[in-house]
Amino acid sequence: MKLQTIRKIGRHATAIFLITGICLLTSKGIVPTGMITLLLLAGGFFGFLFRILVIIFKILILLFIVGLFVA
């Protein structure tokens, strides 16, 4: 269990590092040649953000429904 958590944290940290590198290179006017590969590797990070967004949206819907019953 702890190993899986460490693996997930490492994967997200790597994705953040890659995205930061792409942004810095692009801001300097240099387009990385392996940009497609880097973006595919960073896809795990975007999937993580999307899952968080879905969870927040579900919580908001739940709070709205509870608010309708209470009011």
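In this note's numbering, the protein residues as written are 225 to 295. Every residue gets a Cβ at the ideal spot worked out from N, C-alpha and C, and that includes glycine.
Output the distance between the C-alpha atoms of residue i and residue j, rounded to the nearest integer angstrom.
| i | j | result |
| --- | --- | --- |
| Arg-235 | Gly-271 | 12 Å |
| Arg-275 | Ala-237 | 17 Å |
| Gly-245 | Lys-226 | 28 Å |
| Gln-228 | Ile-280 | 24 Å |
| Ile-285 | Ile-233 | 29 Å |
| Leu-273 | Ser-251 | 23 Å |
| Arg-231 | Leu-277 | 22 Å |
| Lys-282 | Phe-293 | 17 Å |
| Val-290 | Gly-253 | 51 Å |
| Phe-241 | Leu-287 | 35 Å |
Should residue i and residue j be called a contact, given that it needs their Cβ atoms to be closer than 9 Å?
| i | j | result |
| --- | --- | --- |
| Leu-249 | Val-255 | yes |
Indicate the three-state DSSP secondary structure (helix, strand or coil) for residue i in the structure shown.
| i | result |
| --- | --- |
| Lys-252 | coil |
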